[in-house]
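Here the structure is laid out as structure tokens; the discussion comes afterwards.
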Amino acid sequence: MPPRQAPIVAPPQLINADSIFYVHPSEGPNSLTVTPQLNGSNYLAWNRSMRRALGAKNKLPFIDGSLPVPDLQDLNRHAWEHCNHLIPSWIINSVNDSIAQTLVFHETAINAWEDLHERFAKVDRIRISYLRASINNLKQGTKSVLDYFTEMRMLWDELNSHCPMPNCTCASMSM
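In short: position in the sequence shown from 1, add 50, done, that's our numbering.
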């Protein structure tokens with residue numbers, strides 16, 4: 051009779067759905083769908099959608115800098131590498147082809163994420179002017195009240211994402 055071998059048991063962080071290293075068996079490079087696809091001019095909307103999707107999968111620490119690369123001897127290193135290969139695939143699959151070609155050589159998810167941020171997160175003064183003019187010129191015309199309100203709300207939401215309200219740091223302000 052052959053000698054009995056101990057069963058192989060996955061480390062707890064790989065089977066615990068709350069772990070940042072957990073990847074569901076059905077998740078692969080094409081399993082994350084984000085709309086809109088990044089085309090260069092819609093970075094803010096894409097960023098918000100992508101952060102929401104990565105947050106739902108508990109993967110934000112891979113792109114926000116809060117998760118350091120584990121040492122080679124660290125028991126989490128293999129799980130980190132697995133996630134670090136998967137997340138850039140999700141990012142690449144959520145951008146248009148010309149942008150995707152510039153991301154394939156990044157070694158880590160955070161490098162790809164920061165590259166996109168550096169290129170596309172700049173405040174677009176022309177877009178802000180366009181949004182303000184669109185808000186000023188929007189007329190209900192033959193649109194239903196619901197359609198008119200929805201269009202106005204989309205314009206205001208995008209404008210607010212470009213121009214967030216400053217935080218009050220007054221001495222008299224206390225929380």
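In this text, a Cβ means the ideal position worked out from N, Cα and C, and glycines have one as well.
Which residues does DSSP pair with residue i in a beta bridge?
i: Leu88; result: Val145
Taking the alpha helix (DSSP H) that residue i belongs to, which residues open and close that run?
i: Glu157; result: Here Glu157 belongs to no alpha helix (DSSP H), and DSSP marks it neither H nor E.
i: His212; result: 195-212
i: Gly105; result: 93-106
i: Ser179; result: 175-187
i: Phe112; result: 111-114
With the cut-off set at 8 Å, would you say residue i and residue j are in Cβ contact?
i: Pro79; j: Leu136; result: yes
i: Asn108; j: Ile141; result: no
i: Ile149; j: Leu88; result: yes
i: Leu181; j: Asp165; result: no
i: Asn143; j: Leu82; result: yes
i: Tyr229; j: Phe170; result: Outside the modelled stretch of the chain, which goes from 51 to 225, sits residue 229, for which no answer is possible.
i: Ile176; j: His212; result: no
How long is the line joining the alpha carbons of residue i and residue j, rounded to whole angstroms?
i: Ala162; j: Pro138; result: 7 Å
i: Ile160; j: Ala103; result: 16 Å
i: Tyr119; j: Arg127; result: A quick correction: the sequence has Val, not Tyr, at residue 119. Cα-Cα distance, rounded: 8 Å.
i: Pro75; j: Asn186; result: 50 Å
i: Ile58; j: Asp147; result: Note that Ile58 has pLDDT 49, beneath the 50 cutoff, so the model's placement of it is unreliable and the number below is only indicative. Distance between the alpha carbons of Ile58 and Asp147: 41 Å.
i: Val84; j: Ile113; result: 16 Å
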